[in-house]
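Read in UniProt numbering, the sequence shown has 587 at position 587, and its numbers run on one by one without any break. Glycine included, C-beta positions come from ideal geometry on N, C-alpha and C. Accompanying notes for the structure given below.
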Amino acid sequence: MTSPVISTPPIATREGGISSVAVEDIATVHADEVILILDAGSQYSKVIDRRVRELNVASEIHPFNTPILPLLARGNIKAIIISGGPESVYSSKAPQYDPDLFNLANTVHKDIPILGICYGMQLMMFIFGGKVEKNDHREDGVHHVHIKQSILFKDLAESEKVLLTHGDSVTMVAPGFKEICKSDGGVIAGVEDEKRKMYGLQFHPEVDLTTNGKKILENFLFGIAGCKGSYTLEDRESIAIKEIQQTVGTGKVLVLVSGGVDSTVCAALLTKAIGAERVVALHIDNGFMRHHESKNVETALGVLGLHLIVVDASQAFFNGTTTIAGKVTDKLCITVHPEEKRKIIGDTFMRVAEDEVRKLGLDPNHVFLAQGTLRPDLIESSSKTVSGVADVIKTHHNDTELVRLLRATGRVVEPLRDLHKDEVRELGKSLGLSESLVWRQPFPGPGLAIRIICAERPFIDAKFQLTCSVLHHLIRGTGAPDVDTGDKIDQHLREMGCLERIRRSGASINPILLPVQTVGVQGDGRTYSYVAALSQSGEPDWEVLFLLAKVIPKVCHNVNRVVYIFGKHIAEPTLIEQITPTRLVPETIAQLQKADHAVNQVLLKYGLIRALSQVPVILFPISFDQDQTRSIAIRTFITNDFMTGVPAVPGTDAMPLACLQEMVKDILTNTPGISRVVYDLTSKPPGTTEWE
């Protein structure tokens with residue numbers, strides 16, 4: 001056996017590095033078979049957990065630096081899965097680990113297999129003497145991998161679609177391991193050492209975008225770890241109700257409801273758990289609601305037998321501020337920074353709720369606050385409830401510092417915090433909620449405020465001109481800043497097998513880099529990057545447009561979102577360096593309300609509300625060819641868990657062309673001050689569901 005070569009990343013030490021939480025204090029699953037998931041900071045750790053549970057095997061998530069031997073001493077750990085993470089194995093910020101983890105072959109636990117995913121595979125290779133290097137370009141998105149014979153890939157095809165999100169790659173397999181698959185870009189994507197029962201995958205088998213990822217996990221659990229799949233999770237409803245009763249005791253609960261799926265299911269659970277007389281249902285109109293939203297909320301929740309208190313707090317929100325890093329922010333109505341907007345809205349929301357508690361005569365020190373927070377909310381906010389090391393992708397309005405303080409004092413009830421959206425819908429159906437409520441499309445708590453891209457001036461950094469040149473060369477084959485850069489772009493496209501296809505269509509497509517930023521996710525970290533807009537002469541070639549949406553972020557690292565521009569072809573300019581100043585004021589809110597209502601009415605007409613997981617409608621400050629106007633983006637999204645997902649392809653059942661054309665027409669007809677409508681072509685990753 002090869003002796004582990006251990007240098008960086010940092011090893012946890014008994015004196016201070018290893019988690020100080022005693023193993024017996026960590027919530028454990030009482031089952032005969034348990035899969036141990038070690039969280040290295042991945043946004044997908046909970047998805048791994050969910051996929052394992054779907055296969056009827058119990059699982060637990062623990063911090064990466066948890067002492068491993070005491071956990072294994074319990075005798076019911078069947079396998080270990082190491083998640084991905086945002087750091088490099090060479091980084092001083094790399095998560096610490098217990099060195100015993102990679103020495104199990106020399107212990108009584110030698111039969112416990114380990115599967116390393118993404119960062120987990122890279123670390124495994126690094127520890128055992130392989131080589132990990134930074135790529136010239138990232139791999140983010142769906143790729144094909146070509147697989148070799150391995151029990152991990154039993155019953156799979158020779159080529160499989162998978163999700164890759166990484167900047168570093170394994171360039172030399174460690175001694176004792178063998179390569180079992182390679183990406184279409186030539187990157188080592190899988191390794192195994194059958195003798196030591198150690199396996200690694202560069203891609204993410206846990207996400208929907210990996211077509212047969214669940215089958216790979218099934219092969220690992222049953223074919224390698226020898227699990228029986230005999231674990232049946234307790235009924236979700238019973239677990240949640242029991243937690244509510246234990247947490248609240250004889251107290252009252254204030255539930256903040258928006259009328260969406262999450263808060264509605266939360267309210268239903270509370271009513272069933274402690275009775276309607278002890279539930280105070282509060283709806284706060286923050287001024288950023290959809291068309292007639294507050295009235296619809298009141299009607300929908302009346303079915304639950306709850307008395308709904310509606311508070312118009314729009315002025316409090318418009319003029320709201322908060323403190324960030326010891327400094328008071330500007331008022332919300334003049335704030336343009338996305339994270340500041342969310343924090344102001346979140347903290348104002350909590351302050352308004354506390355004021356209402358006092359008005360109702362409820363003791364704020366004894367009343368409990370209930371929220372419909374889901375697991376992805378906490379994961380994407382890097383909440384310590386899920387992981388202490390996950391990168392913040394965006395701050396959720398209901399997971400602010402104020403809420404975290406309330407949670408620390410035990411005054412926040414979040415019975416849905418361990419569930420994903422599809423699991424919440426199933427729970428809602430079991431509670432007897434109507435189909436119209438259960439399948440309602442998600443709507444963010446901050447409302448339309450985060451669907452208005454605010455800006456006072458265009459975002460143009462030092463890389464703007466270079467990115468424009470690279471984008472133009474990628475599509476047209478001309479305009480590269482120098483010969484070497486042009487050759488590298490061409491070679492990259494050639495390796496991906498799409499050079500000729502793109503260049504054949506390039507003459508009809510004008511790429512325009514937009515001087516605005518939207519949020520995205522690449523690897524396990526957050527990006528704020530440019531939007532690339534594509535205008536095409538004639539009818540849109542959706543196949544080529546979606547191909548470009550996949551390729552552009554891989555070549556142009558400063559772009560995380562690609563859109564198609566409807567309407568007359570924009571042949572010139574290729575540069576847009578001006579915007580229409582945009583803030584959260586009544587004019588912009590009214591514009592987006594009208595556009596959003598138009599889109600949702602058409603979706604309802606075509607019966608697509610349930611088929612599409614979510615359809616955010618975004619107002620952004622680009623006028624294109626009409627001065628002092630703005631534009632609207634339609635962002636269709638199809639997913640099971642909102643951790644990854646894809647847009648609907650126009651011309652398919654998910655988005656009939658007639659439906660899309662009617663949306664565009666209705667927006668431009670009924671919404672004053674709108675220049676263009678664009679269609680978001682971006683998968684997640686690299687683009688998030690929302691633009692902010």
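In this structure, residue 180 sits away from residue 163, with a CB-CB distance that is not shorter than 8 Å. Distance from the CA atom of residue 150 to the CA atom of residue 227, rounded to whole angstroms, is 18 Å. Judged by beta-carbon spacing, residue 212 lies within the 8 Å limit of residue 160, meaning their Cβ atoms are closer than that value.
When rounded, the separation of the alpha-carbon atoms in residue 684 and residue 641 is 11 Å. Proximity to residue 321 across 128, 204, 339, 629 peaks at 339, based on C-alpha coordinates. Under a 10 Å Cβ-count criterion, residue 32 is classified as exposed, with fewer than 16 other Cβ atoms of the shown protein chains found around its own Cβ. For residue 120, the closest C-alpha among the options 39, 532, 303, 579 is that of 39. When DSSP assignments are scanned along the segment 621-684, the uninterrupted stretches of alpha helix (DSSP H) that are 4 or more residues long and fall wholly within it turn out to be 657-670. Around the CB of residue 204, 16 or more other CB atoms lie within 10 Å, so the residue is classed as buried. With contacts defined as CB atoms closer than 8 Å, residue 209 and residue 142 qualify as a contacting pair. DSSP places residue 196 outside both helix and strand once states are collapsed to three, so it counts as coil.
Boundaries of the beta strand (DSSP E) around residue 39: 34-39. Put simply, the segment 100-117 touches the segment 77-87. At least three CB pairs are less than 8 Å apart.
Annotation for residue 564: the continuous beta strand (DSSP E) segment containing it runs 559-565.
Taking C-beta atoms under 8 Å as the contact rule, residue 475 and residue 452 fail to qualify, at a distance of about 30 Å. Its chain contains 32, 33, 56 as the residues whose beta carbon lies nearer than 8 Å to that of residue 230, once the 5 sequence neighbours on both sides are disregarded; these appear in chain order.
Taking a cut-off of 8 Å on C-beta distances, the segment 242-261 touches the segment 355-368, as three or more cross pairs fall below it.
Ranked by Cα distance from residue 634, the options 659, 107, 326 are led by 659.
Taken through DSSP and simplified to helix, strand or coil, residue 203 comes out as coil. At the C-beta level, residue 341 and residue 174 stay beyond 8 Å of one another.
In the displayed model, residue 231 falls within coil according to three-state DSSP, outside both helix and strand. In the DSSP assignment, residue 307 falls outside any beta strand (DSSP E), carrying neither H nor E. Residues of the same chain with a CB within less than 6 Å of the CB of residue 243, apart from the 5 flanking positions on each side, are 415 in chain order.
Per DSSP, the continuous beta strand (DSSP E) segment holding residue 368 begins and ends at 368-370. A distance below 8 Å between beta-carbons, with the five flanking residues on each side excluded, links residue 550 to the following residues of its chain, in chain order: 141, 142, 683. If you ignore the 5 residues before and after residue 586, its C-beta comes within less than 7 Å of no other C-beta in its own chain. The beta-carbon distance between residue 514 and residue 622, rounded to whole angstroms, is 5 Å. This is short enough to meet the 8 Å contact definition. When DSSP reads this structure, residue 168 sits in a beta bridge with 134.
Here residue 656 has 606 as same chain residues with Cβ atoms under 7 Å from its own Cβ, once five neighbours each way along the sequence are excluded. Measuring C-alpha to C-alpha distances from residue 124 to each of 145, 169, 108 identifies 169 as the nearest. Per DSSP, the continuous alpha helix (DSSP H) segment holding residue 46 begins and ends at 45-54. With a 10 Å radius around the Cβ and a threshold of 16 neighbouring Cβ atoms, residue 189 comes out buried. Boundaries of the alpha helix (DSSP H) harbouring residue 218: 213-218, taken from the DSSP string.
Per DSSP, reduced to three states, the secondary structure at residue 286 is coil, with no helix or strand assignment. Close CB contacts of residue 49 within its chain, under the 7 Å cut and outside five residues either way in sequence, are with 37, 59, 61 (chain order). Residue pairing by DSSP places residue 522 opposite 525 in a beta bridge.
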